[in-house]
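**Student:** Below: one structure in structure tokens.
There are 2 protein chains.
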Amino acid sequence: MTRKAAPTLEDVARAACVSTATISRALNSPDKVASDTRQRIETVIEALGYTPNFGGRVLASNRTNTVGAVIPTMANAMFASGLQVFQQELSTASYNLLVASSGYDAGNELQQIKSLVTQGADGLLLIGSSRPPETTRFLELRKIPYVIAWCYQAQDKRCFAGFDNIKAASRITLEVLQKGHKNIAMIAGRSAQNDRARNRIIGVTECISKFNDAQLLSVNETEYTLDAGGSAFEDIMRQPDKPSAIICGNDVLAAGAIVRANQLGIKVPEQVSVTGFDDIALATVVSPALTTVRVPQLEMGKVAAKALLELISTGMAKSVELPIEIIHRDSLTDAPEAY
Amino acid sequence: MTRKAAPTLEDVARAACVSTATISRALNSPDKVASDTRQRIETVIEALGYTPNFGGRVLASNRTNTVGAVIPTMANAMFASGLQVFQQELSTASYNLLVASSGYDAGNELQQIKSLVTQGADGLLLIGSSRPPETTRFLELRKIPYVIAWCYQAQDKRCFAGFDNIKAASRITLEVLQKGHKNIAMIAGRSAQNDRARNRIIGVTECISKFNDAQLLSVNETEYTLDAGGSAFEDIMRQPDKPSAIICGNDVLAAGAIVRANQLGIKVPEQVSVTGFDDIALATVVSPALTTVRVPQLEMGKVAAKALLELISTGMAKSVELPIEIIHRDSLTDAPEAY
DNA sequence: CTGAAAGCGCTTACAG
DNA sequence: CTGAAAGCGCTTACAG
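Chains as they are written, first to last, in my numbering: chain X, 3 to 341; chain C, 3 to 341.
Below you can see the structure in the form of structure tokens.
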């Protein structure tokens, strides 16, 4: 099986009767080459089926035109669709996307980051702002351009493309309180290695604490699965002090809670209101449909790509804070008077 | 901003008092190096914070340790979770994953394939078996190792990691028929550039044609969204000849149909049964929960990764056919007697 | 606008 | 087990 060697710049140069330098220019900065030469070169390239060798190009230019993304998980719809837009945006700039997942584990994240950087990623997309010093040190040391999505911190010099999770969580909490709910519970994501989950808890807590007659009965941290949401719901509804509303850390948890409620014969929202977070497809499919906070997933992907590209080429890019929105559907209603 | 140049093999060699060749060996085939030399080298590498330069390595070895995946869309949960497993499996073999999406468009797919190959992908994961000759030619010409997921064709010499969509669609159809349904409709994906969608239609059609007293009233091709599923459902139920069961090309379509049915006050499954395909999270969240065919998403990701790695290193790998399974939930019930 | 040539940082036969 | 050296295929000042 003798695999005919792919044509090289050398081959093209010979066939087109120019130097390799000119061909390289014709490819990378066409305007520096006379148009007739350029035409001749293009013909030859076409005829030979030449494509630049990746390794040669990378070694000489020290750039890969590749960007890496490390996300918590691809299995959750909330990251996947943003990633899609991110990739499309990169694609228009002739950049490719390397993807890895951390499984919400900081050690794993560092490992994946190192792997992507070793594979030559020119820049990185990361989710969330807080990570162990070891990771931060690595990023700094290697001067890796990176943008952080899914959160926003005004005072921070790093580049964000996201929204303020504390504010967003406060917003949905306010909706709940305005419906007259006094006894509230929260089903949250695991906050230990997840600043978004943590900040959503903070947002809920802070908002409730401003209302004298309202109280946060409990915060149940759990993994982001339907089952876990269901179990947490069941636990909460077994307590003597039942809430009239449950605020969930994301839509998966909320959908899990509602599905379980339906199975247990507990009426949502008549007996308990439930709210979500993220606004993924699930939110419209559960019954009752989720009142939730819509997170600008697609917009984040797009903005993050632009920022990262700019960061790579110019060395700096501005953070952008995207707006969230409360989506009113059927899972949140007025607190029962008698309560 | 003088960015201190990263240490090279050269630097390590000098510091460890050995040749660059030895270091390269210590890195790539440690057993070829005396253990004390290796130790010394490791210390120096650690001290200098050396990591191999990607471009140099790629140019010299002609391998990137990167594979690419071109999937129809990341936004749909069915591909995303398989991709996650695929990446994890690659990761254990020190391979990285480049991802791109085609949006179910063949032209787009070719463009993305070219882009990934240009970026040095050692191999490719592709979804589905049928593509334009132009694409096939490119793949052949460049001798790109690739594996095809989400389908399986016994007679084919290409490498598959998937299941037989025709058989799978027949299986679920048989379930429907065995419940006594005679008048059936199908809501399918767009089959033009999508062999899975096409084969599922074939499977349904073939199976029904074997039953003399049953008929396929209509096949409604539409895009894979909740709304499209809902609209198709509405159209179907507006016809004078209503089906007693609707077989859907995937869970998104089925969930969309059921949500719409609920809104219209049409009872599922009492008035119409509805079945899905894929078994994604949505299937358990809609109410009634979907009777559907479970596709081995995660297993496919894993098997595909193994096959691709083997294909890259040895030049060949066997196709594997994975089993599907019918998941019985609540959206399919007996046909009304009176019908 | 074009060419000659150095150099990017590795890997890998080939010798020893 | 180790080293000297060629070579991978580009890009990019530097001259002209």
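Glycine residues also receive a C-beta, built at the ideal position from the N, C-alpha and C atoms.
Spatial neighbours of residue 196 of chain X within its chain, please: CB distance less than 7 Å, with the 5 preceding and 5 following residues excluded, ordered by chain position.
**Tutor:** 106, 130, listed in sequence order.
**Student:** For the ligand COA, I want to know if residue 108 of chain C counts as a neighbour, meaning its beta carbon is within less than 7 Å of at least one of the ligand's heavy atoms.
**Tutor:** You won't find the ligand COA in this model; it holds no ligand whatsoever.
**Student:** Grouping DSSP H, G and I as helix and E and B as strand, with all else coil, what is residue 60 of chain X?
**Tutor:** Residue 60 of chain X: helix per DSSP, three-state reduction.
**Student:** Anything in the region 46-59 of chain C with a Cβ closer than 9 Å to a Cβ of chain X? List those residues in chain order, please.
**Tutor:** Listed by position, the residues of the region 46-59 of chain C near chain X (Cβ gap below 9 Å) are 51, 53, 54, 55, 56, 57, 58, 59.
**Student:** Report, in whole angstroms, the separation of the C-beta atoms of residue 231 of chain X and residue 256 of chain X, which I expect to be a contact under 8 Å.
**Tutor:** With a Cβ gap of about 7 Å, residue 231 of chain X and residue 256 of chain X count as contacting.
**Student:** Checking contacts by CB at 8 Å: is residue 334 of chain X closer than that to chain C?
**Tutor:** False, the Cβ-Cβ gap to chain C never drops below 8 Å.
**Student:** Is the distance from the Cβ of residue 222 of chain C to the Cβ of residue 198 of chain C below 8 Å?
**Tutor:** Not closer than 8 Å, so no.
**Student:** Are the region 317-332 of chain X and the region 180-195 of chain X in contact at 8 Å, needing three or more beta carbon pairs?
**Tutor:** The region 317-332 of chain X vs the region 180-195 of chain X: no contact.
**Student:** Please list, in chain order, all residues of the same chain as residue 291 of chain C whose beta carbon is under 8 Å from its beta carbon, the five residues on each side excluded.
**Tutor:** Taken in chain order, the residues that qualify are 285, 331, 332, 333.
**Student:** Determine, using beta carbons only, whether residue 257 of chain X comes closer than 8 Å to chain C.
**Tutor:** Judged by the 8 Å Cβ criterion, residue 257 of chain X is in contact with chain C.
**Student:** Reducing DSSP to helix, strand and coil, say where residue 173 of chain C ends up.
**Tutor:** Reduced to three states, the DSSP call for residue 173 of chain C is helix.
**Student:** Spell out whether any CB of chain X is found under 8 Å from the CB atom of residue 98 of chain C.
**Tutor:** It does; some Cβ of chain X falls within 8 Å.
**Student:** Quick one: is residue 180 of chain C near chain X, going by C-beta distance under 8 Å?
**Tutor:** Judged by the 8 Å Cβ criterion, residue 180 of chain C is not in contact with chain X.
**Student:** What residue range does the alpha helix (DSSP H) around residue 76 of chain X cover?
**Tutor:** No alpha helix (DSSP H) contains residue 76 of chain X, which DSSP labels as neither H nor E.
**Student:** Counting only Cβ pairs nearer than 9 Å, list the residues of chain C close to residue 64 of chain X.
**Tutor:** Ordered by position in chain C, the residues that pass the 9 Å Cβ test against residue 64 of chain X are 55, 57.
**Student:** My understanding is that residue 295 of chain C touches residue 268 of chain C, with C-beta atoms under 8 Å, so please give their C-beta distance in whole angstroms.
**Tutor:** 23 Å between Cβ atoms; not a contact.
**Student:** Would you list, in chain order, the members of the region 107-122 of chain X that have their beta-carbon closer than 7 Å to a beta-carbon of chain C?
**Tutor:** So the close ones are 117, 118, 120, 121, 122.
**Student:** Please tell me whether residue 111 of chain C and residue 75 of chain C are closer than 8 Å, where the distance is taken between their beta carbons.
**Tutor:** Result no, Cβ atoms of residue 111 of chain C and residue 75 of chain C do not sit closer than 8 Å.
**Student:** Can you pull the chain X residues whose beta carbon is under 7 Å from the beta carbon of residue 289 of chain C, in chain order?
**Tutor:** By Cβ distance, chain X contributes 264, 289.
**Student:** Could you round the C-beta distance between residue 126 of chain C and residue 70 of chain C to whole angstroms and report it? I think they count as a contact, below 8 Å.
**Tutor:** About 5 Å; that satisfies the 8 Å criterion.
**Student:** Would residue 250 of chain C and residue 277 of chain C qualify as a contact pair, given that the criterion is a beta-carbon distance under 8 Å?
**Tutor:** Yes, these two residues count as a Cβ contact at 8 Å.
**Student:** Considering residue 301 of chain C, what are the terminal residues of the alpha helix (DSSP H) in which it resides?
**Tutor:** Looking at the DSSP string, the run of the alpha helix (DSSP H) that includes residue 301 of chain C is 299-316.
**Student:** Please list, in chain order, the chain C residues whose beta carbon lies closer than 8 Å to that of residue 75 of chain X.
**Tutor:** Here the neighbours are 86.
**Student:** Taking only runs of the beta strand (DSSP E) that begin and end inside the region 124-202 of chain X, which ones reach a length of at least 3 residues, in chain order?
**Tutor:** Segments of the beta strand (DSSP E) lying fully in the region 124-202 of chain X: 125-129, 148-151, 161-164, 185-191.
**Student:** Residues in its own chain within less than 7 Å of residue 262 of chain C by CB, not counting five upstream and five downstream?
**Tutor:** Within the same chain, residue 262 of chain C has close Cβ partners 232, 235, 236.
**Student:** Based on DSSP bridge pairs, tell me the residues matched to residue 329 of chain C.
**Tutor:** Paired residues: C:294.
**Student:** Taking 8 Å as the CB-CB limit, is residue 82 of chain C close to chain X?
**Tutor:** True, the Cβ-Cβ gap to chain X drops below 8 Å.
**Student:** With a threshold of 8 Å between beta-carbons, can residue 4 of chain X be considered close to chain C, or not?
**Tutor:** Residue placement at residue 4 of chain X is flagged as unreliable, the pLDDT there being 39, under the threshold of 50; the coordinate-derived value follows with that caveat. No - not a single Cβ of chain C is within 8 Å of the one on residue 4 of chain X.
**Student:** Given that a residue counts as buried once 16 or more other Cβ atoms are within 10 Å of its Cβ, and exposed if not, what is residue 293 of chain X?
**Tutor:** Classification for residue 293 of chain X: buried.
**Student:** Below 8 Å between beta carbons: does that hold for residue 203 of chain X and residue 259 of chain X?
**Tutor:** No, the pair does not count as a contact, with Cβ atoms beyond the cut-off.
**Student:** On a CA-only basis, which of C:180, C:140, C:95 is nearest residue 336 of chain C? Give me that one, please.
**Tutor:** Ranking the options by Cα distance to residue 336 of chain C, first place goes to C:180.
**Student:** On a Cα-Cα basis, can you pick out the residue from C:23, C:311, C:324, C:162 that is closest to residue 95 of chain C?
**Tutor:** Taking only the C-alpha atoms, the option nearest residue 95 of chain C is C:311.
**Student:** For my contact list, residue 89 of chain X and residue 101 of chain C are in at a C-beta cut-off of 8 Å; report their separation, rounded to the angstrom.
**Tutor:** Rounded, the Cβ-Cβ distance is 6 Å, consistent with contact.
**Student:** Just grab the DSSP bridge partners of residue 322 of chain X for me.
**Tutor:** Note: residue 322 of chain X sits in a beta bridge opposite X:163.
**Student:** Can you pull the chain X neighbours of residue 68 of chain C, defined as C-beta to C-beta under 7 Å?
**Tutor:** Per Cβ cutoff of 7 Å: 121.
**Student:** Per DSSP, what kind of secondary structure is residue 37 of chain X in: helix, strand or coil?
**Tutor:** The answer is helix: DSSP assigns residue 37 of chain X an H, G or I state.
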